[in-house]
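First comes the structure, then the notes that go with it.
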Amino acid sequence: MENLNQLLAIRRQKLQKLKELEIDPYPNRSKRSHKIKNLWENKDKFVESEQKTVITGRLTGMRRQGKVGFGNISDESGRIQIFVRKDNVGEDNYEVFKLLDLGDFVQVEGNCFITKMGEYSIRAKEVTILGKSLRPLPTVKEKEVDGKKQRFDEFSDIELRYRKRYLDLLLNPESRDNFIIRARIIREIRNFLNSRDFIEVETPILQPLYGGAHARPFTTHHNTLDIDLYLRIALELYHKRLIVGGFERVFEIGKNFRNEGMDRTHNPEFSMVELYQAYADYNDMMDITEDMILHIAKEVFGSEKINFHGTEILLKKPWQRTSMLDLIKEETGFDASDFDFEKIKVFCDEHKIEIPPAAGPGKLIEEIFGRFVESKLIQPTFVIDFPKEVSPLAKEKPGNPELTERFELFINGNEYGNAFTELNDPLDQRERLEAQAKLRELGDAEANVVDEDFLEALEYGMPPTGGLGIGIDRLVMLFTGNTSIKEVIFFPQMKPEM
RNA sequence: GGGGGUGUAACUCAGCGGUAGAGUAUCUGCCUUUUAAGCAGAGAGUCGACGGUUCAAAUCCGUCCACCCUCACCA
């Protein structure tokens, strides 16, 4: 056997003792009669009737005093004290009780009562082990001080919390709450879109070509077909095929994978909701974005405001809609609306903005926007009319061949969504993708690739369509007040431990 | 990738050239209404890893690893 430290060895010894007593430490069956929350909800009734109740859960506290002992049992719904007295459970069962450790799963049969100290508890008739824990759970004790819970020990090491999320969830209620809120947000996204007659679809994660965003992919290999496949970087191109196929409103909630840098707002796999609506444009997408986020705010939080570390964010409609060029002008006084490449380059040089290889004026405008404007956009803002150069899937803005009908949503200085009036002209789309392919040759590893299958689909005809993508992780961060994406993803990507 | 920080017992941390510490947890004893239970005692560590300096290194130096912050990059 491996070299076990003292704490692990002691638990294995207890496991052995249970087996010697012919107690199964991992029985197949349990028989819970109530969730702990139910007992609290009908406290008086349970105390008065003294009815038999059976709870199950993890042993999360233990105060033994010789022939009597108190413990805490926690299940998903709550926590309650158990009172175990040798005279009540019998000598044999008390031996079992004495072999229990914090972290063990147990079943307690008994009846509810109020202790001398006034605590609602279960007086045990029998304690059954449901699952022996062989590792010590980090201990977190708390005490109520003026109605506030004061914690005395913590499980707070960030790295451990991410690597052993199960312990984090067990020991840090705030972390658990983040994920409950995440689930509610996703549920409300679904409810909202279902109520608007969108149908939920599933499209390939493994794709022979990737597209729909500007990013490097993960590559994998299918053995039987003997071809390389890519993990999707966006949902876009398959959803458009579905619009070609006659669906008028589709959405998908799922993961995208981008083989790029990681920081506190980027995880290599992240969740998006994308939706496509035929006979709609980017103005409709702005409306739906406002409505959807407002719906979440109201349903999950009952408020039209978010307080993010003291910054009050007002979600009340309508949100500001301003063009990228106007925002740049407001912030810097620089007017780039003539797309004069030389003039814009001079501005970039003056402000030490690096000029990427193969960049045209549109790319530089986007860089300028990123440098000067993004972080200033605290209240929800639709930044509209992106340069065509950086928007190969968006339809040109009527009257200005340099711009597209595209927006990104910014809140609190971060990007939350991206949407276009989708390009449905197959010949224009081909030209744009071919231009992207040229950029690839010039060294832009993130440029789109020409997807002939997608182009062919467009040639059969796609109605005018609006499309929208919203980053779910970031939305959850916004609503839960988290500044790291790792706090809202159960198992964020980490380097393997050596 | 640059800069800064952190890494010591199961957890949270102190120690920062001279025998590895505390609280909680664990174990033993006492305790039949405790709740951060209490009292008495005990055990528990590759001080992130590897090198170097030194009579002596958790401590100083170097390299590496992981994590955090920050800047850059990144649709």
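Per numbering that gives the first Met the number 0, the very first residue in the first sequence carries number 0; after that it's consecutive.
Glycine included, every Cβ here is placed at the ideal spot set by N, Cα and C.
Would DSSP call residue i helix, strand or coil?
i: T264; result: coil
i: D74; result: strand
i: A456; result: helix
i: H294; result: helix
i: D227; result: strand
i: N411; result: coil
i: F178; result: helix
i: N2; result: Residue placement at N2 cannot be trusted, given a pLDDT of 49 that sits under 50; what the coordinates show is reported in the next sentence. If DSSP states are grouped into helix, strand and coil, N2 belongs with coil.
i: A8; result: helix
i: W39; result: helix
i: E451; result: helix
i: F371; result: helix
i: R189; result: helix
i: M284; result: helix
i: L159; result: helix
i: A277; result: strand
i: K351; result: coil
i: V382; result: strand
i: A358; result: coil
i: N222; result: coil
i: F82; result: strand
i: A436; result: helix
i: S132; result: coil
i: S194; result: helix
How long is the line joining the alpha carbons of residue i and residue j, rounded to whole angstroms?
i: V249; j: K97; result: 58 angstroms
i: D227; j: L205; result: 10 angstroms
i: I79; j: L133; result: 23 angstroms
i: F368; j: N41; result: 58 angstroms
i: T380; j: E330; result: 14 angstroms
i: K375; j: E311; result: 14 angstroms
i: P172; j: I180; result: 12 angstroms
i: R150; j: L168; result: 16 angstroms
i: F307; j: I410; result: 11 angstroms
i: K387; j: C347; result: 19 angstroms
i: E251; j: R215; result: 21 angstroms
i: R31; j: A182; result: 26 angstroms
i: R84; j: A123; result: 7 angstroms
i: T482; j: I184; result: 17 angstroms
i: K13; j: L170; result: 24 angstroms
When you compare each of the options to residue i by their alpha carbons, which one comes out closest?
i: N92; options: K147, L20, G146; result: L20
i: Y25; options: N423, L17, S32; result: L17
i: R473; options: Q12, E366, I488, N193; result: I488
i: N110; options: E49, E158, L58, L166; result: E49
i: E455; options: M493, I305, R240; result: R240
i: M261; options: I9, I484, D23; result: I484
i: S302; options: E496, K315, G309; result: K315
i: Y161; options: P317, F151, R175, S322; result: R175
i: G460; options: L402, G245, R57, K304; result: G245
i: L392; options: V382, G398, T403; result: T403
i: F112; options: A434, T52, P137; result: T52
i: L224; options: P207, L234, Y237; result: P207
i: N266; options: A277, P491, P462, K328; result: P491
i: M291; options: V83, I469, T55; result: I469
i: K437; options: G359, E353, T219, D337; result: G359
i: F406; options: D334, E365, D339, A444; result: E365
i: E414; options: Y119, I383, D86, E430; result: I383
Can you say whether residue i is buried or exposed, counting buried as having 16 or more other CB atoms within 10 angstroms of its CB?
i: M493; result: exposed
i: T479; result: buried
i: Q428; result: buried
i: D23; result: exposed
i: P400; result: exposed
i: T59; result: buried
i: D450; result: buried
i: N2; result: The pLDDT assigned to N2 is 49, lower than 50, so where the model puts this residue is not dependable, and the model offers no usable value.
i: M0; result: Its pLDDT being 34, under 50, M0 is placed unreliably by the model, and nothing is read from it.
i: R10; result: buried
i: R231; result: buried
i: M116; result: exposed
i: H220; result: exposed
Does the Cβ of residue i lie closer than 7 angstroms to at least one heavy atom of the ligand NAD?
i: E158; result: The ligand NAD is not part of this structure, which contains no ligands at all.
Query raised in the report: Any contact of the region 35-51 with the region 64-84, i.e. 3+ C-beta pairs under 8 angstroms?
Result: Look at the beta carbons and you see the region 35-51 touching the region 64-84: at least three pairs across the two are nearer than 8 angstroms.
Requested in this report: Inspect the CB distances between the region 123-130 and the region 102-113 and report whether three or more fall short of 8 angstroms.
Outcome: By the Cβ rule, the region 123-130 counts as touching the region 102-113, because three or more pairs are nearer than 8 angstroms.
**Report entry** Segment contact flag, the region 145-164 with the region 62-71, C-beta cutoff 8 angstroms, min 3 pairs
**Finding:** Touching, no.
Query raised in the report: Within the chosen definition, does the region 285-296 reach the region 243-257 through at least 3 CB pairs nearer than 8 angstroms?
Result: The way I'd put it, the region 285-296 doesn't touch the region 243-257; fewer than three beta-carbon pairs between them come closer than 8 angstroms.
Query raised in the report: Does the count of Cβ pairs from the region 418-425 and the region 192-208 closer than 8 angstroms reach three?
Result: Contact between the region 418-425 and the region 192-208 is absent, with fewer than three C-beta pairs closer than 8 angstroms.
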